[in-house]
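Offset between the sequence shown (1-based) and my numbering: plus 43. Quick reminder that beta carbons are idealized off the backbone N, C-alpha and C, glycines included. Accompanying notes for the structure given below.
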Amino acid sequence: VRVVESGGGFAQPGGSLRLSCVASTTHFSTGTMCWYRQVLGNERELVAKITMDGSTIHANSVKGRFTIDGDHARNTVFLQMNSLKPEDTAVYYCNALVFTMPPREYWGQGTQVTVSS
């Protein structure tokens with residue numbers, strides 16, 4: 044199973060980026076999928092997550108600005124980031140629960156998001 048993120052890059056304050064994540068597996072389905080972010084020297088923090096039934100949770104720091112959505116049938120999750128702020132600068136990681144035997148979580152390699160004027 045490979046988890047691959049894409050869509051990171053550079054944005055100005057107030058701008059937008061859309062992150063994508065795919066869990067490449069032909070035999071297993073996915074459960075809850077999440078986006079985390081980490082600034083060097085800090086702990087990794089949960090940004091948003093989406094469950095199999097479509098329920099979502101967003102961190103208070105991104106509510107109203109970021110939106111997680113996904114397609115579990117395609118093992119794919121997205122993070123639409125609007126009204127970006129410099130403090131959103133971080134490496135963003137995708138985390139996917141995959142129903143391997145036994146089920147386990149898989150992490151992507153991360154994608155850098157930089158917000159600066």
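Go to residue i, then tell me how far its beta strand (DSSP E) extends in each direction, as first and last residue.
i, result
"residue 44", "No beta strand (DSSP E) holds residue 44; DSSP gives it neither H nor E."
"residue 141", "133-141"
"residue 71", "Segment: none, residue 71 is in no beta strand (DSSP E) and carries neither H nor E."
"residue 101", "99-101"
"residue 88", "88-93"
"residue 112", "109-114"
"residue 63", "60-67"
"residue 52", "52-54"
"residue 147", "147-150"
Taking residue i as the reference, which of the options has the closest Cα?
i, options, result
"residue 117", "159, 135, 63", "63"
"residue 113", "103, 105, 129, 93", "93"
"residue 89", "109, 68, 95", "109"
"residue 68", "156, 143, 135, 121", "143"
"residue 91", "104, 82, 81, 77", "77"
"residue 140", "82, 45, 133, 75", "75"
"residue 129", "120, 107, 156", "156"
"residue 150", "65, 58, 50", "65"
"residue 145", "87, 86, 152, 72", "72"
"residue 61", "119, 95, 148, 87", "119"
"residue 95", "131, 152, 50, 111", "111"
Apart from the five residues on each side of it in sequence, which residues of its chain come closer than 8 Å, Cβ to Cβ, to residue i?
i, result
"residue 84", "none"
Find out if the Cβ-Cβ distance for the pair residue i, residue j is shorter than 7 Å.
i, j, result
"residue 158", "residue 122", "no"
"residue 154", "residue 86", "no"
Considering only residues of the same chain and omitting the five flanking positions on each side of residue i, which have a CB-CB separation below 6 Å?
i, result
"residue 82", "133"
"residue 160", "55, 56"
"residue 125", "59, 108"
Can you give me the Cβ contacts of residue i inside the same chain, cut-off strictly under 7 Å, excluding the 5 residues immediately before and after it?
i, result
"residue 45", "67"
"residue 147", "141"
Checklist entry - With a cut-off of 8 Å, do at least 3 Cβ pairs link the stretch 46-60 to the stretch 91-101? => result Fewer than three Cβ pairs drawn from the stretch 46-60 and the stretch 91-101 lie within less than 8 Å of each other, which leaves the two stretches out of contact.
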